[in-house]
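J.:
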Amino acid sequence: MGVKKGIYFGTAFSLLVFTMILSISAGAVKIPLQEILNVFLGGGSETSRTIILNLRLPRAIESAIVGMGLSVVGTFFQGLLRNPMADPYVLGVSSGAAFGATIAIILGLGIFGLSFMAFITSLMTVFFVYTISKTGTRVSMTTMLLAGIAISAFMSAIISLMMLLNHDEFSRIVFWTMGGFSLINWNSVVFTTPIIVIGSFVMYVFSRDVNAILTGEEVAEHLGVNTELVKKIILITGSLVTATAVSVGGIIGFVGLIVPHISRLIVGPDNRILVPFSAISGAIFLTFADLLARIILKPMEIPIGIITAAFGGPFFLYLLIKSKQKSEGM
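Position 243 of the sequence shown, counted from 1, bears residue number 1534 in our numbering, the numbering being contiguous throughout.
#1: As a quick exercise: from 1399, 1391, 1425, pick the residue whose alpha carbon is nearest that of residue 1412.
#2: With distances taken between CB atoms, is the gap from residue 1430 to residue 1522 smaller than 8 angstroms?
#3: Within 10 angstroms of its Cβ, does residue 1299 collect 16 or more other Cβ (buried), or is it exposed?
#4: Taking its Cβ as the centre, do 16 or more other Cβ atoms sit within 10 Å of residue 1603, making it buried, or is it exposed?
#5: Can you tell me where the alpha helix (DSSP H) with residue 1458 in it begins and where it stops?
#6: Looking at the secondary structure, which residues open and close the alpha helix (DSSP H) in which residue 1422 lies?
#7: Pull the bridge partners of residue 1430 from the DSSP assignment, please.
#8: Do the stretch 1383-1397 and the stretch 1576-1587 touch if we need at least three Cβ pairs shorter than 8 angstroms?
#9: Mapping DSSP to helix, strand and coil, what is residue 1551?
#10: Are the Cβ atoms of residue 1516 and residue 1503 separated by less than 8 angstroms?
#11: Give the list of continuous alpha helix (DSSP H) stretches no shorter than 4 residues that lie fully inside the stretch 1349-1385.
#12: For residue 1464 and residue 1454, what's the separation of their Cα atoms in angstroms?
#13: Helix, strand or coil, according to DSSP, for residue 1514 in the structure here?
#14: Determine, using beta carbons only, whether residue 1468 and residue 1541 come nearer to each other than 8 angstroms.
#15: Got a sec, what are the start and stop residues for the alpha helix (DSSP H) residue 1500 sits in?
#16: With 16 as the cutoff for other CB atoms within 10 Å, does residue 1459 come out buried or exposed?
#17: Should residue 1494 and residue 1525 be called a contact, given that it needs their Cβ atoms to be closer than 8 angstroms?
#18: Going by beta carbon distance, what residues of the same chain come within less than 7 angstroms of residue 1439, once the five residues before and after it are set aside?
#19: Is residue 1322 helix, strand or coil when you go by DSSP?
#20: Compute the Euclidean distance between the alpha carbons of residue 1442 and residue 1417, then round it to the nearest angstrom.
#21: Given residue 1405, which residues of its chain have a CB within under 7 angstroms of its CB, disregarding the five upstream and five downstream residues?
#22: Between the Cα of residue 1372 and those of 1592, 1529, 1569, 1357, spot the shortest distance and give me the residue it belongs to.
#23: Among the candidates 1561, 1427, 1491, 1325, whose CA atom is the shortest distance from the CA of residue 1356?
#24: Would you mind reading off the limits of the alpha helix (DSSP H) that contains residue 1562?
#25: On the three-pair Cβ rule with 8 angstroms, is the stretch 1562-1581 touching the stretch 1351-1369?
#26: Do residue 1386 and residue 1573 come within 8 angstroms of each other at the CB atom, strictly closer than that value?
#27: Would you mind stating whether residue 1548 and residue 1370 have Cβ atoms separated by less than 8 angstroms?
#28: To the nearest angstrom, how far is it from the Cα of residue 1593 to the Cα of residue 1338?
#29: Are the stretch 1496-1514 and the stretch 1470-1484 touching, with three or more C-beta to C-beta distances below 8 angstroms?
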């Protein structure tokens, strides 16, 4: 890693620390930096300790972890599928999670039951998509993408029907599908952190192999890369990370789409450098988005999906226009 990229990483890490401190400080009740330091050193008022240690700190950590996971998965999926529009939800994970969450809300299972149901049904969806995309020992990327689109449409139809038949829970279901961290506690952090961190590291181990696959699968195989094995590990691990993130934060769009693109523009396409930079950038982006969701209309909180869509929508249009201009120039 060169000096220039080292500066980029140092700046990004410093910005992450600053964003997390700002997230802990700001809100309906503003807490000064000195009071935050007092709490971390074992002092501070009882009110400040409760707000920071029980509410804002786990929320800041969770938003950073989820942002990191979605960005890492998005980076690998875009590379593996060689599709700049790919994101962590491309295999139907979000629709599967929304289906499970909707059932949990209707049955009144509570936050733990909701997270568990969203996690299980999202993994079942991925397993189904993966199974029908497999031919012998090979997995068709095209079939997988189409299967993901089909299952998402089918799940959305079922969810709409359940919402229609359960008017009392309509607002809760809609709010969850728009994403948010208002119900996060330390149990959520303990559940998600190991899965997302370990899953991200497992994918990172294959960064060099994915670099080779980007030059073409035949070239990668000549270089000794087992492309089918790499694809399976990345797709399954990425889906597990995404399912974990969705189970606690709801469906938070565009994070895994725009962060990898911006990171690629800054540090280049080498996944050995791009992936960790995307991880830090994703943590910054989602922590800041969660902060905005809490303070824009305080004391009321808006779904974080609205914030990420406000950034991601225009960026997605930019990608479409850029892709069109590139094809017309050929």
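C-beta atoms are modelled at their ideal positions from N, C-alpha and C, and glycine is treated no differently.
T.: The relevant details are as follows:
#1: 1391
#2: yes
#3: buried
#4: buried
#5: Careful: residue 1458 lies outside any alpha helix (DSSP H) and carries neither H nor E.
#6: 1401-1424
#7: 1425
#8: no
#9: helix
#10: yes
#11: none
#12: 8 angstroms
#13: coil
#14: yes
#15: 1498-1505
#16: exposed
#17: yes
#18: 1381, 1382, 1383, 1420
#19: coil
#20: 10 angstroms
#21: 1392, 1395, 1396
#22: 1529
#23: 1491
#24: 1562-1586
#25: yes
#26: no
#27: no
#28: 24 angstroms
#29: no
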